[in-house]
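Each residue of the sequence shown is one higher than the one before, starting from 87 at the first, in the numbering used here. No residue lacks a Cβ here, since even glycine has one placed at the ideal position from N, Cα and C. What follows is a set of notes on a single structure, which appears directly below.
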Amino acid sequence: MGWRFFFYSNEGAEPIHIHCRKGGKECKYWLDVANFDVEEAYSYSMNNKDKRQVKKIIFEYFEYIESEWQKLQEARYP
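Below, the structure is given as structure tokens:
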């Protein structure tokens, strides 16, 4: 089973971020679009290897995540 990346639709007031989960491991990362960077908001049951893996995936799909976040916000606040 791989990592699952998702948004919660009730968090529209927060800056852009992504939630990640794999089994009992979970984290949330803030995306700094202006600087093409990410910052860990929290992580549970994750080691450094897990964090590196998640950050690598976020960077690979950074623009896509940003685009999907914007679509979600536009749908919520037309």
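Taking C-alpha positions only, LEU158 is separated from LYS135 by approximately 30 Å.
Counting the other CB atoms within 10 Å of its CB gives MET132 a total of 16 or more, which places it among the buried residues.
Exposed is the label assigned to TYR128, since fewer than 16 other Cβ atoms lie within 10 Å of its Cβ. For ALA127, the enclosing beta strand (DSSP E) covers residues 123–130. Shown here, TYR115 sits in a strand according to DSSP, grouped into three states.
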